[in-house]
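Everything below concerns the one structure shown next.
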Amino acid sequence: MSEVTQPTNQTVRTWRRPPQIKDPRLRWALYIGSVAYLCLALASVEIDVARLVEGTVRAKSLFAGVLSPDFVTRWTDIRAGFAESLTMTVVSTVLGVLLSIPIGLGAARNLAWRPVYLVCRSILAVSRAFHELIVAVLFVAMFGFGPFAGLMTLVVSTVGFLGKLLAEEVESIEWNAVEAVTSTGASWLQRVVYAVVPQVLPRYLGLTLYRLDINFRDSAVIGLVGAGGIGATLNTAFDRYEFDAVAAILLMIIGIVLCAEYAASAIRKRVL
Amino acid sequence: MLKIQGLHKRYGAFAALTDVTLTIAPGELVSLIGPSGAGKSTLIRCVNRLVEPTSGKVLLKDTELTGLSRSALRLERRRIGMIFQDYALVNRLTVMENVLSGRLGYTSFFKSLVRRFPQADVDQAFALLERVGLEGLHDRRADALSGGQRQRVGIARALLQSPELLLVDEPTASLDPRTARQIMRLIAELCRERGLAAIINIHDVPLAQQFTDRIIGLAAGKLIFDGLPGDLDNSVLTKIYGGEDWSQPAASAEDADDFEDGDDSAADGTLDALTKTDGVSA
Chain A
1 MSEVTQPTNQ TVRTWRRPPQ IKDPRLRWAL YIGSVAYLCL ALASVEIDVA RLVEGTVRAK
61 SLFAGVLSPD FVTRWTDIRA GFAESLTMTV VSTVLGVLLS IPIGLGAARN LAWRPVYLVC
121 RSILAVSRAF HELIVAVLFV AMFGFGPFAG LMTLVVSTVG FLGKLLAEEV ESIEWNAVEA
181 VTSTGASWLQ RVVYAVVPQV LPRYLGLTLY RLDINFRDSA VIGLVGAGGI GATLNTAFDR
241 YEFDAVAAIL LMIIGIVLCA EYAASAIRKR VL
Chain B
1001 MLKIQGLHKR YGAFAALTDV TLTIAPGELV SLIGPSGAGK STLIRCVNRL VEPTSGKVLL
1061 KDTELTGLSR SALRLERRRI GMIFQDYALV NRLTVMENVL SGRLGYTSFF KSLVRRFPQA
1121 DVDQAFALLE RVGLEGLHDR RADALSGGQR QRVGIARALL QSPELLLVDE PTASLDPRTA
1181 RQIMRLIAEL CRERGLAAII NIHDVPLAQQ FTDRIIGLAA GKLIFDGLPG DLDNSVLTKI
1241 YGGEDWSQPA ASAEDADDFE DGDDSAADGT LDALTKTDGV SA
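Below is the structure:
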C-alpha cells in the first residue's frame, strides 16, 4: 500500500548530517583509541573492596552527624569562623572591584593604548593562572596562617575574574555611542563615564554579586589549607571527628549562599 | 569655513578615499551621496578625526585639524557637531544626560562625573529639547523613545556643543519615510536658524535634492560630482551609483510626497498616531 502512495518516478534522496571528522580512518581511530584509553585507565585504578566497606561505615557516622547538627557545643568557634569568613568575603570583594576596574579597562583592546593593554592582560593572566588553593598555600607560606593570607588569595582571584570579564564586556559594547561622545570633545575619562560605564554597569554589577558568593564559598575552601575563616573551623571539626559540628557549619554555608543568591537577584532586578 | 585638501585614507592596500579636495562655505548645506562603501562615512569622520586620515589636510576656518595634538583636537572637536545614523545615544542614560553630553568638551571631568553642569547649559538643553519637539521627555531613558525621537535627541546633543559645523551621517537611514523627512527638515531649519554649515551623508537622493544647497557625489573614494541639486540628472546618478532605471525611485519619492501633503482626511487616524509617537507634527 505504501508503494502506491509513493511517487513512482522520483528516487528517494536520503540525508545524513555530515560527520564532524571527515576522514573515516581518523574518526574510527579516535573512537577506538578513546575506548581503549578508558579501559586502561579504569584498570589502573586500584579498587579495594575492603576500603569501600570501611568507607561506608565511616560514611554512616558522618551522615548520622549530618542528620543531627550540633550548633551549640562549638558555637563560639563557629561564630568566630563565620565572622572571619564574611569579613574576608566583603573586604576581598571590595578591594577586588576597586583593583579590577582600572585593570579591566586597561585590558580592553578597544579602549586602551597597546602597551597598557598588554600589561593589564598579563596581570589578569597571571592572577588566574593558579587555583585559589595553590595561591592560598603560597600566601600562607608568605604571611603565615590566618585570615590575612586568605584575604590576599581572594583579592587576587577576584581581580583575575572580574578584570577579565569586565575587559570582555567593554570590548563588546556598542562603539557608536563612544564615537558620539568622542565627537563632542570629551576626554578619555569622560568617554568612559558617559559611553562605556552605562553600557557595562548592569553586567558588571551582576558579576560582582556573583563573585561575592564565590568568595564566600572559596573562603571555606582555602581555610582548609590554613588561610583562616570558616574553612579553618571546618577543618578542626573534621580533625576531631565532630561530624555534628561539621553538619552545622555546612548547613550554615548553604543558608548563607542561598541568602546571597536571593539578595543578588533582588538587586539585579532593580538595577536592570 | 571648511577646507579639505588632497585627503587620502588607506586601510592596508584598500584606498577608502583618494585625493578628495573640497571647500564648504559658511552656512552651506551640502549632501554627500554615493553607494555604500564609497567612503562617505570615512570622509566625514576624517574631518573630526574619528578616523585618522592617511594624508592630506583638513582646515576648519584657520585651524588645521590634521596634525593637532590629542588635547588640542579635543578642544577643536567642540566646534564640530555630529549626528549619527543609528542615533548613537547611550541607551541606559536619560534623554537629558545624552543631550548634556554635548557639553562634555566644556566641562571638567569631576563636574561631568557627578552630572553638575552649569545652569546656562541646562537652560540651553531644555530650550533645545523644546525646539526639537521633546518637551517633557528629559527624564525618560533614551531607549524608551521611538526612532524619530531618538534622532531628535541626537540633534539636540550635537547642537548643544554650539558647533560651527555639523557632520551628519545617514540621519534618516533607520527611519520611516515620513519621519525621515521631518528629521531632514528639522536639521535644515536648525542649520538655517543658526547659520550652520553641514555635510550630510545621505542615501535618499530626493531628500538630498529637496533639503540641501549643494550635492557632492562620491564613488569608490573619489569625488566625481559637485553641483547644484538641479544638476543631478540620470547620467550623473549612473556615474555615481552605476546603471539603473532612475525613473523608478523618483516615482516612489512622489508617492511619499502624496502621503505627506495630500489627502490628510483619509489617513487622519494614522497620521495622528504617528504624530503622537513622534512627539511633533510635520
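Going down the list, the protein sequences come from chains A and B. Counted the way the numbering used here counts, the first sequence spans residues 1 to 272. Counted the way the numbering used here counts, the second sequence spans residues 1001 to 1282. The C-beta atom is built at its ideal place from N, Cα and C for all residues, glycine as well.
Compare the beta carbon distance of residue i and residue j with 8 Å and say whether it is the shorter of the two.
{"i": "A237(A)", "j": "R74(A)", "result": "yes"}
{"i": "V292(A)", "j": "G106(A)", "result": "With chain A covering only 1 through 272, there is no way to say anything about residue 292(A)."}
{"i": "V200(A)", "j": "L166(A)", "result": "yes"}
{"i": "N1201(B)", "j": "E1244(B)", "result": "no"}
{"i": "P1229(B)", "j": "L1196(B)", "result": "no"}
{"i": "L1065(B)", "j": "L1073(B)", "result": "yes"}
{"i": "V49(A)", "j": "F243(A)", "result": "no"}
{"i": "V1168(B)", "j": "I1187(B)", "result": "yes"}
{"i": "E174(A)", "j": "S157(A)", "result": "no"}
{"i": "V1047(B)", "j": "I1080(B)", "result": "yes"}
{"i": "R297(A)", "j": "P18(A)", "result": "Residue 297(A) lies beyond the stretch modelled for chain A, which goes from 1 to 272, so this question has no answer here."}
{"i": "G1067(B)", "j": "T184(A)", "result": "no"}
{"i": "G150(A)", "j": "S127(A)", "result": "no"}
{"i": "Q1085(B)", "j": "A1173(B)", "result": "yes"}
{"i": "R1078(B)", "j": "G1105(B)", "result": "yes"}
{"i": "L154(A)", "j": "N215(A)", "result": "yes"}
{"i": "G319(A)", "j": "M88(A)", "result": "Residue 319(A) is absent from the model: chain A starts at 1 and stops at 272."}
{"i": "G1154(B)", "j": "T1179(B)", "result": "no"}
Would you kindly report the start and end of the unbroken beta strand (DSSP E) that includes residue i?
{"i": "A1197(B)", "result": "A1197 to N1201"}
{"i": "M1082(B)", "result": "I1080 to I1083"}
{"i": "A1015(B)", "result": "F1014 to I1024"}
{"i": "D1169(B)", "result": "L1165 to D1169"}
{"i": "F1225(B)", "result": "K1222 to G1227"}
{"i": "S1055(B)", "result": "S1055 to L1060"}
{"i": "Q1005(B)", "result": "L1002 to Y1011"}
{"i": "T230(A)", "result": "One detail in the question is off: residue 230(A) reads as Ile in this sequence, not Thr. That residue, I230(A), is in no beta strand (DSSP E); its alpha helix (DSSP H) goes I230 to D239."}
Which residue's Cα is closest to the Cα of residue i: the options?
{"i": "S1146(B)", "options": "R1131(B), A1127(B), L1159(B) and Y1087(B)", "result": "Y1087(B)"}
{"i": "L1043(B)", "options": "L1104(B), D1231(B) and P1053(B)", "result": "P1053(B)"}
{"i": "A177(A)", "options": "A1173(B), M1184(B), E1193(B) and R1150(B)", "result": "R1150(B)"}
{"i": "V1099(B)", "options": "A1127(B), R1077(B) and S1108(B)", "result": "A1127(B)"}
{"i": "V170(A)", "options": "Q20(A), A195(A) and T182(A)", "result": "A195(A)"}
{"i": "V181(A)", "options": "G1195(B), R1157(B) and T1179(B)", "result": "R1157(B)"}
{"i": "L1232(B)", "options": "P1026(B), S1031(B), T1023(B) and G1012(B)", "result": "S1031(B)"}
{"i": "E1130(B)", "options": "V1114(B), K1003(B) and L1160(B)", "result": "L1160(B)"}
{"i": "E168(A)", "options": "I101(A), T87(A) and D77(A)", "result": "I101(A)"}
{"i": "V1132(B)", "options": "E1193(B), A1038(B) and G1037(B)", "result": "E1193(B)"}
{"i": "D332(A)", "options": "D23(A), V35(A), A59(A) and L234(A)", "result": "In the structure as shown, chain A begins at 1 and stops at 272. Residue 332(A) is therefore absent and cannot be evaluated."}
{"i": "V193(A)", "options": "F1225(B), R1045(B) and L1093(B)", "result": "L1093(B)"}
{"i": "L1029(B)", "options": "M1184(B), G1242(B) and Y1241(B)", "result": "M1184(B)"}
{"i": "R1010(B)", "options": "R1178(B), K1222(B) and Q1209(B)", "result": "K1222(B)"}
{"i": "L1050(B)", "options": "V137(A), G228(A), A186(A) and A264(A)", "result": "A186(A)"}
{"i": "V140(A)", "options": "D23(A), A227(A), A248(A) and S265(A)", "result": "A227(A)"}
{"i": "P69(A)", "options": "C259(A), A108(A) and A248(A)", "result": "A248(A)"}
{"i": "V197(A)", "options": "S34(A), A43(A) and G104(A)", "result": "G104(A)"}
{"i": "L1207(B)", "options": "C1191(B), I1240(B), P1177(B) and G1227(B)", "result": "P1177(B)"}
{"i": "D1226(B)", "options": "A1015(B), T1021(B) and L1113(B)", "result": "T1021(B)"}
State the start and end residues of the unbroken alpha helix (DSSP H) segment that holds residue i.
{"i": "M1184(B)", "result": "P1177 to R1194"}
{"i": "I134(A)", "result": "E132 to F143"}
{"i": "Y1087(B)", "result": "Where Y1087(B) is concerned, there is no enclosing alpha helix (DSSP H), given that its DSSP letter is neither H nor E."}
{"i": "Y210(A)", "result": "V197 to I222"}
{"i": "S273(A)", "result": "Since the displayed chain A opens at 1 and closes at 272, residue 273(A) lies outside it and no answer follows."}
{"i": "R1049(B)", "result": "Where R1049(B) is concerned, there is no enclosing alpha helix (DSSP H), given that its DSSP letter is neither H nor E."}
{"i": "I1216(B)", "result": "Where I1216(B) is concerned, there is no enclosing alpha helix (DSSP H), although the beta strand (DSSP E) it sits in stretches over R1214 to A1219."}
Apply the 10 Å Cβ neighbour rule to residue i and answer buried if 16 or more other Cβ atoms are within range, or exposed otherwise.
{"i": "D1255(B)", "result": "Here the model assigns D1255(B) a pLDDT of 48, short of 50, so the residue's position is not dependable and the matter cannot be decided."}
{"i": "A1273(B)", "result": "Because A1273(B) sits at a pLDDT of 43, beneath the cut-off of 50, its placement in the model cannot be relied upon, and the following sentence gives the value as read from the coordinates. Answer is exposed; the Cβ neighbour count stays below 16."}
{"i": "D1257(B)", "result": "Low local confidence applies: a pLDDT of 46 at D1257(B) is under 50, so the model's placement there is unreliable, with the coordinate-based value given in what follows. So D1257(B) counts as exposed."}
{"i": "Y262(A)", "result": "exposed"}
{"i": "G1034(B)", "result": "buried"}
{"i": "I134(A)", "result": "exposed"}
{"i": "A83(A)", "result": "exposed"}
{"i": "D1261(B)", "result": "Only weak support is given to the placement of D1261(B): the predicted model assigns it a pLDDT of 41, under 50, and the question is left unresolved by the model."}
{"i": "L164(A)", "result": "The residue asked about is misnamed: residue 164(A) is Lys in this sequence, not Leu. With 16 or more Cβ atoms within 10 Å of its Cβ, K164(A) is classed as buried."}
{"i": "F63(A)", "result": "exposed"}
{"i": "A1251(B)", "result": "Residue placement at A1251(B) is flagged as unreliable, the pLDDT there being 48, under the threshold of 50; the coordinate-derived value follows with that caveat. The residue in question, A1251(B), is exposed, as its Cβ has fewer than 16 Cβ neighbours within 10 Å."}
{"i": "E1135(B)", "result": "exposed"}
{"i": "P1118(B)", "result": "exposed"}
{"i": "P147(A)", "result": "buried"}
I'd like to confirm something about residue i: is its beta-carbon nearer than 7 Å to some heavy atom of the ligand SAM, or not?
{"i": "A1038(B)", "result": "This structure lacks the ligand SAM; in fact it carries no ligand of any kind."}
Along the segment 195 to 207 of chain A, where does the CB come closer than 8 Å to a CB of chain B? Name the residues. A195, P198, Q199, L201 and P202
Short of 7 Å Cβ to Cβ, which residues in the segment 165 to 194 of chain A face chain B? N176, A177, E179, A180, V181, T182, S183, T184, G185, A186, S187, L189, Q190, V193 and Y194
Listed from N- to C-terminal order along the chain, which residues in the segment 1196 to 1218 of chain B have their beta-carbon within a distance smaller than 7 Å of any beta-carbon of chain A? none
What residues in the segment 1097 to 1129 of chain B bring their beta carbon closer than 7 Å to a beta carbon of chain A? S1101, G1102, L1104, G1105, F1109, S1112 and L1113
Against chain A: residues of the segment 1057 to 1082 of chain B by CB proximity under 8 Å: R1074, L1075, E1076, R1077, R1078, I1080, G1081 and M1082
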